[in-house]
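Asker: Chains as they are written, first to last, in the working numbering: chain A, 3 to 300; chain P, 372 to 1074.
In this text, a Cβ means the ideal position worked out from N, Cα and C, and glycines have one as well.
Please read these numbers as outputs of a predicted model, since none were measured by experiment.
Submitted below is the structure of interest, expressed as structure tokens.
Written out as structure tokens, the structure reads:
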């Protein structure tokens, strides 16, 4: 490697670290959120090393044991270590929850922006379609989609399950993004972009979309929670993740709920895991929203 | 309007004390036996600070003035001068981030700034009335007009329902609302802007207050309506023997109505005194500069408008001495020291360090500008833009039961612009001038007619053809805040069109951006900034640079300078004139301000309800206006000259532009026209030639 390229490489490296440091200084809460998400990602990636037990190991001599030194988060009705199952579960939660919610928000957002931008018949048509989709309960739609699409696993991630969760969420994203985009589409700077002879795609993606960061970044963390819970419902109904695979959603459903009174830890800890993840995404989302607003940079 | 109060009717409710009503009543000042020689309101050393992200901003930095009984006082200043903050602090309506740090506002012997909220409530709305700028948001849309006027009466005077209804009716007749009986039970949306402002005046005067505060009362209104509202307001105030405090940026308004004037600059008073003395013999360079930079109808057209260079200081970072010094061509060392208001030879007070030299006639603002001839269109050159019988009709439904109606926003307009020529398009709001501009820009599709740009038919051009054509014509919008994408840097905003159209790429594009910024009078390093870091005037320059990036032949300026302060407006008008000369640009200059149009246009078109009513070369139109509407517009435009303004008769101004939903039959102007007869009401008149290049759509223009 030549000197010059090493130099630029170091320069960009330095620039990145200073940017991150500045972000952490200005948005401590956002940085905390990012760290939490990072922690979950590390847990997921290095689950075999991080978790104290094998999540599949049943131990019928230690069924429904409360939190102890041996089992920090207790054990479930099969005597499996709850902490280990939560650590392994973060894999599917993040992979499925995050991809599905991002995908759903992206599809819906694009439809919403286009409906706002083109208006007229396209708008009417998509809005009525959304009305129809919204009239179907989300879980029913996801169930049908998951059942019809079947399984299509790439690695540990079931792509069709992602789609089944993403698509029912898209209409709501479309609604919210459309209403936010409507006011932006009427701004003179968008008209100026039209008179500058820009293509529609350039205007939509380059001029309108960046101004929608605020609603979108509020939307996505809410969807993450929704997606994790939907995954659990689908799993419960037998079309999602199948027992004994560890999943936060599965841990919250089924027999665990009926045992809540005598073994609350089987429900509280996976529930906490979901809440903390969603909270972390909200913190990061809020910080990103502020940081992306040029008014906050001075 | 201040950003912290998007719905002013909440402010109104506060000012009439609906929200904080506690039922107390202050002892009458008249009963308290105060001397009538004392001023009604005395503001002493008022200081207000705002806590902002950039630290403490001193919005008001020691303001002193008095309002006598039965006196009309105007506070004039540009945006950020602190004039609205003054009014809001008097009414106790300052936002939470603001703090009064010093000073008094003694109203009839009591300090408004130290009153308890209960006392303030009893004073506001009863002894002090307030009228806000925007009649569209100042009235609560869910309550009837009658209820909103009557509320003040019931709240402050304890009127019963019948009593308040009778009094409300009387008030509506006072403020000139026809058919008051039936309009009492109507909602704000059923009233026009001018009528709503009349309702606001009725609320403001309902309890016969001793002081009426009007914050930019006519800024949102059309010029013919503005004059009527101001006449009504000042007339009523005089009749009631009340005092009026007008907050305005419009020097013409001050000249016509004010007894005394307070000129504010950057949170301080620059000059104050008798209106005629201040206007005729300004003793502060800011006042002089302001008076000179306002384009006027009663002075010869100048080559360049006089301007005040630069921009007002950042209130968070104001110079210790004279705040105007950085922009003043005559500043001296003494200007950096703290200056106080001192009496001048004309009996006024000025904070200028060199007022004696001005008085002695040694110093003047600016030099004499040269007269300017309009650019004559070369007959043989092909027009850059030809618009032929353009029509835009909208289908609207007035309610779920009524049938669809056609609104003729633009109804058969033809015009042509030759290279290097500027056409001024003048008219009041709703006349269709912006719709016409949008159709030419191809942002709206015409219903019928033809648009030819640079010899190409642009009427139905689509896709790539249209994108290629767009290089020929660009736009500069009215609102400098909304016309730039907040997420793009200045350099991106100007450079992107060039890159997209392949005019310049890479480093060359950056160099071109720097050149363009230079050309519009900005520094090239501003390319890295974001729009929110720029002032209104700077943003408008960026908008112009963005339009120029495409190397267009024609720029459509849709009210391009009307949102700017007077001193900044003159700078931008001069810039447009210079660019036109150096680049042989053509402009379609859409505006409502006849004085500005006069300084930039070569030919002027006057539009009324979708049609051109008069078209003439600039000098001819202003010297010999023939259509009664043009005459009315010229008569209504206020000029900053007290003698001229006070002498002028106001009888000629009647009515408001008709609703485009229900246009009158025949000539649309007939209902307001002093010359109209039966024939006018039969069929709309067509444009006919009455002189060299002079066309008028009036049957009785010779009468």
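Less than 8 angstroms between CB atoms is the rule here; does residue 940 (chain P) satisfy it with respect to chain A?
Answerer: Walking along the second chain from the start, residue 940 (chain P) turns up at place 569. With 8 angstroms as the cut-off, residue 940 (chain P) does not count as an interface residue toward chain A.
Asker: Where DSSP assigns a beta bridge to residue 963 (chain P), which residues make up the other side?
Answerer: If you number the second chain from 1, residue 963 (chain P) lands on position 592. DSSP lists no partner for residue 963 (chain P).
Asker: If you draw a straight line from the C-alpha of residue 774 (chain P) to the C-alpha of residue 766 (chain P), how long is it?
Answerer: Reading the second chain from its first residue, position 403 is the one you call residue 774 (chain P). Reading the second chain from its first residue, position 395 is the one you call residue 766 (chain P). Rounded to the nearest angstrom, the two C-alpha atoms are 10 angstroms apart.
Asker: How is residue 1028 (chain P) classed by DSSP in three states: helix, strand or coil?
Answerer: Translated into positions along the second chain, residue 1028 (chain P) becomes position 657. Residue 1028 (chain P) falls in the coil class under three-state DSSP.
Asker: Would you verify that the beta carbon of residue 756 (chain P) is, or is not, closer than 8 angstroms to some beta carbon of chain A?
Answerer: The residue you call residue 756 (chain P) lines up with position 385 of the second chain. With 8 angstroms as the cut-off, residue 756 (chain P) does not count as an interface residue toward chain A.
Asker: What residues in the region 907–922 of chain P bring their beta carbon closer than 9 angstroms to a beta carbon of chain A?
Answerer: Against chain A - using a Cβ distance shorter than 9 angstroms - the residues of the region 907–922 of chain P are 914, 917, 918, 920, 921.
Asker: Please identify the residue among P:762, P:471, P:609 whose C-alpha is closest to the C-alpha of residue 983 (chain P).
Answerer: By 1-based counting over the second chain, the position of residue 983 (chain P) is 612. Among P:762, P:471, P:609, the Cα nearest to that of residue 983 (chain P) is on P:762.
Asker: If you compare alpha carbons, which of P:516, P:565, P:931, P:675 is closest to residue 1026 (chain P)?
Answerer: Walking along the second chain from the start, residue 1026 (chain P) turns up at place 655. Checked all of P:516, P:565, P:931, P:675; the closest Cα to residue 1026 (chain P) is P:565.
Asker: Rank P:625, P:947, P:856, P:1037 by C-alpha distance to the C-alpha of residue 902 (chain P) and give the top, closest one.
Answerer: For the purposes of this step, residue 902 (chain P) is identified with residue 531 of the second chain, where counting begins at 1. If we check each option's Cα against that of residue 902 (chain P), P:856 comes out closest.
Asker: Checking 8 angstroms against the spacing of the C-beta atoms, do residue 484 (chain P) and residue 496 (chain P) come in under that value?
Answerer: Residue 484 (chain P) sits at position 113 when you count from the first residue of the second chain. Residue 496 (chain P) sits at position 125 when you count from the first residue of the second chain. No, the Cβ-Cβ distance between residue 484 (chain P) and residue 496 (chain P) is not below 8 angstroms.
Asker: Closest to residue 814 (chain P) by C-alpha separation, out of P:835, P:846, P:619, would be which residue?
Answerer: Looking up residue 814 (chain P) in the second chain gives position 443. Among P:835, P:846, P:619, the Cα nearest to that of residue 814 (chain P) belongs to P:846.
Asker: Considering only residues of the same chain and omitting the five flanking positions on each side of residue 986 (chain P), which have a CB-CB separation below 6 angstroms?
Answerer: Locating residue 986 (chain P) in the second chain gives position 615, counting from the first residue. Excluding positions up to five away in sequence, the list reads 976, 1066.
Asker: With burial defined as no fewer than 16 other Cβ atoms inside 10 Å of the residue's Cβ, what is the status of residue 1069 (chain P): buried or exposed?
Answerer: By 1-based counting over the second chain, the position of residue 1069 (chain P) is 698. Residue 1069 (chain P) is buried by the Cβ-count criterion.
Asker: Whole angstroms are fine: how far does the CA of residue 577 (chain P) sit from the CA of residue 399 (chain P)?
Answerer: Position 28 of the second chain, counting from 1, holds the residue named residue 399 (chain P). Position 206 of the second chain, counting from 1, holds the residue named residue 577 (chain P). Note that residue 399 (chain P) scores a pLDDT of 41, beneath 50, so its modelled location is shaky and nothing firm can be said.
Asker: With contact counted as at least three CB pairs below 8 angstroms, one residue from each stretch, are the region 508–528 of chain P and the region 547–563 of chain P in contact?
Answerer: The region 508–528 of chain P is in contact with the region 547–563 of chain P.
Asker: What residues from chain P crowd round residue 193 (chain A), counting only those whose CB sits closer than 7 angstroms?
Answerer: Within the first chain, residue 193 (chain A) is the residue found at index 191, counting from 1. The contacting residues are 814.
Asker: Between which two residues does the alpha helix (DSSP H) holding residue 723 (chain P) run?
Answerer: Counting from 1 along the second chain, the entry for residue 723 (chain P) is found at position 352. Taken as a continuous stretch (DSSP letters only), residue 723 (chain P) belongs to no alpha helix (DSSP H), as it is neither H nor E.
Asker: Looking at the C-beta of residue 890 (chain P), does it have a partner C-beta in chain A at a distance below 8 angstroms?
Answerer: For this step, residue 890 (chain P) is matched to residue 519 along the second chain. Residue 890 (chain P) does not count as touching chain A.
Asker: Taking DSSP's pairing of strands, which residues face residue 1060 (chain P) in a bridge?
Answerer: Locating residue 1060 (chain P) in the second chain gives position 689, where the first residue counts as 1. Answer by DSSP bridge pairing, in chain order: P:1066.
Asker: Under 9 angstroms Cβ-Cβ, which residues of chain P neighbour residue 287 (chain A)?
Answerer: The residue you call residue 287 (chain A) lines up with position 285 of the first chain. Here the premise fails: no neighbours, minimum Cβ distance about 17 angstroms.
Asker: Roughly how far, in whole angstroms, is the beta-carbon of residue 656 (chain P) from the beta-carbon of residue 699 (chain P), given that I think they are within contact range, below 8 angstroms?
Answerer: What you label residue 656 (chain P) is simply residue 285 of the second chain in a count that begins at 1. What you label residue 699 (chain P) is simply residue 328 of the second chain in a count that begins at 1. About 5 angstroms; that satisfies the 8 angstroms criterion.
Asker: With DSSP run on the structure shown, which of helix, strand or coil describes residue 592 (chain P)?
Answerer: As a first step, residue 592 (chain P) must be located in the second chain, where it is residue number 221. Here residue 592 (chain P) sits in coil by DSSP.
Asker: Alpha carbon to alpha carbon, how far is residue 919 (chain P) from residue 958 (chain P)? Give it in angstroms, no decimals.
Answerer: Against the second chain, residue 958 (chain P) aligns to sequence position 587. Against the second chain, residue 919 (chain P) aligns to sequence position 548. Approximately 12 angstroms, taken between the alpha carbons.
Asker: Rounded to whole angstroms, how far is the Cβ of residue 615 (chain P) from the Cβ of residue 583 (chain P), which I believe are closer than 8 angstroms?
Answerer: The sequence position of residue 615 (chain P) within the second chain is 244, counting from 1. The sequence position of residue 583 (chain P) within the second chain is 212, counting from 1. With a Cβ gap of about 5 angstroms, residue 615 (chain P) and residue 583 (chain P) count as contacting.
Asker: Should residue 864 (chain P) and residue 189 (chain A) be called a contact, given that it needs their Cβ atoms to be closer than 8 angstroms?
Answerer: For this step, residue 864 (chain P) is matched to residue 493 along the second chain. For this step, residue 189 (chain A) is matched to residue 187 along the first chain. Their beta carbons are not under 8 angstroms apart, which means residue 864 (chain P) does not touch residue 189 (chain A) by this criterion.
Asker: So, does the CB of residue 613 (chain P) fall closer than 8 angstroms to a CB anywhere in chain A?
Answerer: Locating residue 613 (chain P) in the second chain gives position 242, where the first residue counts as 1. Not closer than 8 angstroms to any Cβ of chain A, the Cβ of residue 613 (chain P) fails to qualify, so no.
Asker: Using a cut-off of 7 angstroms between C-beta atoms, extract the partners of residue 872 (chain P) located in chain C.
Answerer: The chain inventory of the structure shown lacks chain C, comprising the protein chains A and P.
Asker: Where in the region 121–155 of chain A do unbroken runs of the alpha helix (DSSP H), each at least 4 residues long, occur, reported from the N-terminal end onward?
Answerer: If we require 4 residues or more, the alpha helix (DSSP H) runs fully inside the region 121–155 of chain A come out as 122–137, 140–151.
Asker: Only counting the same chain, and skipping five residues up and downstream in sequence, which positions put a Cβ closer than 6 angstroms to that of residue 288 (chain A)?
Answerer: One-based indexing of the first chain puts residue 288 (chain A) at position 286. Here the set comprises nothing.
Asker: Let me see if you follow: with CB-CB separation under 8 angstroms, is residue 856 (chain P) close to chain A or not?
Answerer: Residue 856 (chain P) sits at position 485 when you count from the first residue of the second chain. Output row for residue 856 (chain P): interface = yes.
Asker: Once DSSP output is grouped into helix, strand and coil, what is the label at residue 787 (chain P)?
Answerer: Looking up residue 787 (chain P) in the second chain gives position 416. Residue 787 (chain P) falls in the strand class under three-state DSSP.
Asker: Is the Cβ of residue 30 (chain A) closer than 8 angstroms to any Cβ of chain P?
Answerer: Taking the first chain and counting its residues from 1, one reaches residue 30 (chain A) at position 28. No, no contact with chain P.
Asker: Please compile the residues from chain A whose C-beta is within a distance smaller than 7 angstroms of the C-beta of residue 846 (chain P).
Answerer: Counting from 1 along the second chain, the entry for residue 846 (chain P) is found at position 475. Result: 194, 197.
Asker: Is the CB-CB distance between residue 494 (chain P) and residue 486 (chain P) below 8 angstroms?
Answerer: Working through the second chain from its first residue, we reach residue 494 (chain P) at position 123. Working through the second chain from its first residue, we reach residue 486 (chain P) at position 115. Yes; because the gap between Cβ atoms is below 8 angstroms, this pair is in contact.
Asker: Cβ of residue 901 (chain P) less than 8 angstroms from any chain A Cβ?
Answerer: Counted from its first residue, the second chain places residue 901 (chain P) at position 530. It does; some Cβ of chain A falls within 8 angstroms.
Asker: Output needed for residue 1040 (chain P): all residues of its chain with C-beta closer than 6 angstroms, excluding positions within five of it in sequence on either side, in chain order.
Answerer: By 1-based counting over the second chain, the position of residue 1040 (chain P) is 669. Taken in chain order, the residues that qualify are 979, 1000.
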